[in-house]
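Visitor: Each residue of the sequence shown is one higher than the last, beginning at 23 in the working numbering. Glycine included, C-beta positions come from ideal geometry on N, C-alpha and C.
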Amino acid sequence: MVQLPMVDLKKQFQSIKAEIDREMQEVLESAIFIGGPKVNAFREQLETYLQVKHVIPCANGTDALQIAMMAIGLKPGDEVIVPAFTYVATAEVIGLLGLTPVMTDVDPETFNITPELIEAAITPKTKAIVPVHLFGQCADMEAIMALAAKHQLWVIEDNAQAIGADYKGNTVNGKSGTLGHIGCTSFFPSKNLGCYGDGGAITTNDDDLAYACRMIANHGQSKQYYHDMIGVNSRLDAMQAGVLNVKLPHLDRYNAARQRAAEYYDQHLGQLPQLLPPGRSVQSTHVFHQYTLRLNVPNPREVREALKAHLQNLGIPMMVYYPVPLYDQPAFNSYWKGGTLPVTEQLCATVFSLPMHSELDEDQLKYICEGVRTFFK
Ligand SMILES: Cc1ncc(COP(=O)(O)O)c(C=O)c1O
Numbered sequence: 023m024v025q026l027p028m029v030d031l032k033k034q035f036q037s038i039k040a041e042i043d044r045e046m047q048e049v050l051e052s053a054i055f056i057g058g059p060k061v062n063a064f065r066e067q068l069e070t071y072l073q074v075k076h077v078i079p080c081a082n083g084t085d086a087l088q089i090a091m092m093a094i095g096l097k098p099g100d101e102v103i104v105p106a107f108t109y110v111a112t113a114e115v116i117g118l119l120g121l122t123p124v125m126t127d128v129d130p131e132t133f134n135i136t137p138e139l140i141e142a143a144i145t146p147k148t149k150a151i152v153p154v155h156l157f158g159q160c161a162d163m164e165a166i167m168a169l170a171a172k173h174q175l176w177v178i179e180d181n182a183q184a185i186g187a188d189y190k191g192n193t194v195n196g197k198s199g200t201l202g203h204i205g206c207t208s209f210f211p212s213k214n215l216g217c218y219g220d221g222g223a224i225t226t227n228d229d230d231l232a233y234a235c236r237m238i239a240n241h242g243q244s245k246q247y248y249h250d251m252i253g254v255n256s257r258l259d260a261m262q263a264g265v266l267n268v269k270l271p272h273l274d275r276y277n278a279a280r281q282r283a284a285e286y287y288d289q290h291l292g293q294l295p296q297l298l299p300p301g302r303s304v305q306s307t308h309v310f311h312q313y314t315l316r317l318n319v320p321n322p323r324e325v326r327e328a329l330k331a332h333l334q335n336l337g338i339p340m341m342v343y344y345p346v347p348l349y350d351q352p353a354f355n356s357y358w359k360g361g362t363l364p365v366t367e368q369l370c371a372t373v374f375s376l377p378m379h380s381e382l383d384e385d386q387l388k389y390i391c392e393g394v395r396t397f398f399k
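(1) Whose C-beta lies closer than 6 Å to the C-beta of Val154 among residues of the same chain, with five residues either side of it excluded?
(2) With three or more C-beta pairs closer than 8 Å as the rule, is the region 86 to 103 touching the region 219 to 235?
(3) Which of the three DSSP states is assigned to Phe310 in this structure?
(4) Answer with buried or exposed for Arg44, where buried requires no fewer than 16 other C-beta atoms within 10 angstroms of its C-beta.
(5) Please find out if some non-hydrogen atom of ligand 1 comes closer than 7 Å to the beta-carbon of Gln88.
(6) Quick one: grab the DSSP three-state call for Val49.
(7) Could you pull out every residue in the same chain whose Cβ sits closer than 6 Å to the Cβ of Ser212, ignoring the five residues on either side in sequence?
(8) Using DSSP with H/G/I as helix, E/B as strand and the rest coil, what is Glu456?
(9) Starting from Met125, follow its DSSP beta bridges and name the residues at the other end.
(10) Within the continuous beta strand (DSSP E) that includes Asp188, where are the two ends?
(11) Starting from the N-terminal side, write out each stretch of the alpha helix (DSSP H) that is 4 residues or longer and does not extend beyond the region 153 to 241.
(12) Would you list the one or two residues that DSSP bridges to Ala93?
(13) Whole beta strand (DSSP E) runs in the region 129 to 155 with 3 or more residues, listed along the chain?
(14) Taking a contact to mean a Cβ-Cβ separation below 8 Å, would you say Gln262 touches Gly221 in this structure?
(15) Heavy atom of ligand 1 less than 7 Å from the Cβ of Gly202, yes or no?
(16) Are Leu291 and Pro300 touching if we call contact CB-CB under 8 Å?
Structure, rendered in structure tokens:
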């Protein structure tokens with residue numbers, strides 16, 4: 023029976039196996055597993071690719087967010103604005119640091135936080151905004167940066183899902199993750215740029231923030247065994263850097279393959295009245311970390327379960343990112359003022375994501391689309 027994966031890392035590996043084998047062998051023979059030339063080479067390669075002054079590699083995307091918030095010097099009680107429709111990590115670190123996550127609704131088409139929703143959530147305690155570039159396209163960073171300047175707020179981009187996306191505004195331009203004061207990304211294996219374990223990075227053009235991040239990621243150490251502040255232990259290891267050194271030069275090609283798959287889905291599923299394909303932002307390219315549709319039917323949660331079972335029988339996986347608003351998660355209840363956010367509620371009830379990766383071929387796409395279409399016949 024056919025069994026398609028959501029992400030085909032095995033097939034991708036086969037196409038870069040010789041390069042990966044060489045990198046792994048070099049790391050093993052060097053016996054330098056933490057820091058060293060592989061990590062430095064990756065840092066430089068990513069700085070060049072993103073056209074950003076500083077990349078600070080770290081252990082994962084969640085740490086990147088935490089280190090960024092520590093570097094900015096946020097204090098317990100400070101409010102940080104985040105979308106309620108996101109992966110938990112975005113808000114988790116805010117709670118962990120004793121800060122207060124203030125959750126807002128999102129745009130129904132792009133699934134991203136908007137300047138209007140942010141502005142409505144600003145209070146005298148607000149210190150930072152975390153726009154999440156959800157599923158692969160940037161939030162409206164030009165307007166968000168203008169708002170941040172007006173209210174003197176920090177902007178920390180959660181770029182875990184959008185590495186490689188290009189943003190083009192009038193005054194704010196460049197790669198996702200380099201548009202705010204500080205950007206955070208994840209190299210979790212299934213991400214657009216994924217390693218073979220955990221990994222993450224912080225990006226910034228600000229020398230002081232970069233210095234603080236480097237220090238915090240390394241036990242708050244300014245020089246060996248001298249600790250200026252409380253930090254953490256968060257490092258990208260040499261094996262993961264080796265994998266990323268191989269994969270980064272392929273990132274644009276991988277993202278282009280995802281975009282072609284998204285176009286195919288648009289063309290073959292976009293006409294179904296029961297489905298709404300993902301909307302596109304005007305200023306940002308979309309690198310399709312996920313291809314996420316909305317159900318346009320009564321009782322969407324039931325229909326979604328039935329669709330999932332139907333696809334499962336055909337060997338087609340389908341995921342729901344994300345089924346529960348952040349404020350309805352027990353971990354976040356205490357931060358919530360009560361009530362609901364209408365778009366977030368609607369998205370949690372209606373969204374589903376289809377297989378999306380750099381190795382999808384036309385036969386697979388055809389099979390997936392036919393599988394979805396037969397369900398609605
Ligand atoms: C939006 C978002 N933020 C943060 C993270 C955290 O990244 P990591 O899993 O590397 O800690 C993820 C990844 O899962 C994510 O999707």
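Guide: In terms of the structure at hand:
(1) Pro105, Thr108, Thr112, Asp180
(2) yes
(3) coil
(4) exposed
(5) no
(6) helix
(7) Val29
(8) In the structure as shown, the chain starts at 23 and stops at 399, and residue 456 therefore has no counterpart that could be examined.
(9) Val104
(10) 188 to 190
(11) 163 to 173, 229 to 239
(12) None; Ala93 has no bridge partner.
(13) 148 to 151
(14) yes
(15) no
(16) no
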